[in-house]
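Trainee:
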């Protein structure tokens, strides 16, 4: 189960307890269970359940907590599904059982059932949280329903404009439905408006411009994202390196690529990027060095073998050896290796 969403929606439930039509049980045992659930403390929730079950054996909250423990603590999916379904029959106005049953359906590839449950969760969410639209958008996207996914990500942005994940959802779903221009407009309006200091959304602005080969805009966007002081990921630095390379700022490109490598030394992709930058500025010894490092991490990288072929040839280490690496690269590509 996606821990990101589980944690977010546990917080949602803490407020839902107060406002759902189905009232929570009363008393110390109920308060203890609700507090444990709201804090995400599964062990405490499991410990509190026997007492709660004695006092309120058939209460929807008791049954939901049992299902939730079966789901999240015991990994008993069938028991969890049974419990969530029972709660939905008893108390159809509770948002949470729809949500967590939807997450299970999604993981099982049962996207229509997941979408139906999330739609009901949205219906009964008194807080009208953007996170439910985000989750449904992701399920729609996985099910290749990109129009619906795009609409949900857009709705999530309207509710909570500061979450970068939703702008990225727009970016990923837009090409399949010819809405690149719409996505670009929404993301641009964010970074030039209320989200001008939001590092994550600046990164998405960089990504969509990198994808459309607007390298100068992408380069500036990544610079802004990194400058905002939020911890950037290796992917951020790698993308920034590619953008800088394409505007011929090779020094900065190398710096970004090496930062990505420092943050993720076991990911061969970043070594490949660093070697490729040196191909562009014709520093051949560096091509050889970084391609060699990439191969040390993953000898079956088609791209690293090709870069090594270039590095060997350009540093006069032997045409025959260069040809061996090139042959290996072609073999790997024929086997379906893309990088």
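In this note's numbering, the protein residues as written are 424 to 762.
In this text, a Cβ means the ideal position worked out from N, Cα and C, and glycines have one as well.
No experiment lies behind these values; they were computed from the predicted model shown.
1. Mapping DSSP to helix, strand and coil, what is residue 706?
2. Within a Cβ cutoff of 7 Å, which residues of the same chain sit near residue 493, ignoring the five residues on either side of it in sequence?
3. Does the beta-carbon of residue 688 have 16 or more other beta-carbons within 10 angstroms, so that it is buried, or is it exposed?
4. Might you give, ordered along the chain, the residues of its own chain that have their beta carbon closer than 7 Å to the beta carbon of residue 440, omitting 5 neighbours on each side?
5. Report the rounded CA-to-CA distance for residue 575 versus residue 745, giving the unit in angstroms.
6. Taking a contact to mean a Cβ-Cβ separation below 9 Å, would you say residue 591 touches residue 639 in this structure?
7. With distances taken Cα to Cα, identify the nearest neighbour of residue 694 among 722, 669, 670.
8. From residue 649 to residue 593, what distance separates their C-alpha atoms?
9. If contacts are defined as beta-carbon pairs under 8 Å, then residue 524 and residue 540 qualify, I think. What distance do you get, rounded to the angstrom?
10. Which term fits residue 426, buried or exposed, when burial requires 16 or more other beta carbons within 10 angstroms of its beta carbon?
11. In the DSSP assignment, the alpha helix (DSSP H) including residue 670 goes from what residue to what residue?
12. What residues in its chain sit with their C-beta under 6 Å from that of residue 490, if we drop five residues either side in the sequence?
13. Just to confirm my understanding: we take residue 752, look at its own chain, exclude 5 residues before and 5 after, and list those with CB closer than 6 Å. What are they?
14. Quick one, are the C-beta atoms of residue 580 and residue 623 less than 9 Å apart?
15. Pull up the distance between the alpha-carbon of residue 515 and that of residue 573, whole angstroms please.
16. Can you grab the Cα-Cα spacing for the pair residue 614 / residue 626, in whole Å?
Mentor: Concretely, from the data shown:
1. The answer is coil: DSSP assigns residue 706 none of H, G, I, E or B.
2. Cβ within range, chain order: 499, 502, 503, 506.
3. Taking all protein chains in view, the Cβ of residue 688 is surrounded by fewer than 16 other Cβ atoms within 10 Å, so the residue is classified as exposed.
4. Because residue 440 carries a pLDDT of 45, less than 50, the predicted location of this residue cannot be relied on, and the following value inherits that uncertainty. The residues are 447, 457.
5. Going by C-alpha positions, residue 575 is about 50 Å away from residue 745.
6. Against a cut-off of 9 Å, the Cβ pair of residue 639 and residue 591 comes out as no contact.
7. Here the closest residue by C-alpha is 722.
8. Whole-angstrom Cα-Cα distance: 22 Å.
9. 5 Å between Cβ atoms; contact.
10. Residue placement at residue 426 cannot be trusted, given a pLDDT of 48 that sits under 50; the coordinates are not used to answer.
11. Run containing residue 670: none; DSSP gives neither H nor E here.
12. Within the same chain, residue 490 has close Cβ partners 503, 506, 507.
13. 725, 728, 729.
14. It is not a contact, given that the beta carbons lie outside the stated cut-off.
15. C-alpha separation (whole angstroms): 28 Å.
16. Whole-angstrom Cα-Cα distance: 10 Å.
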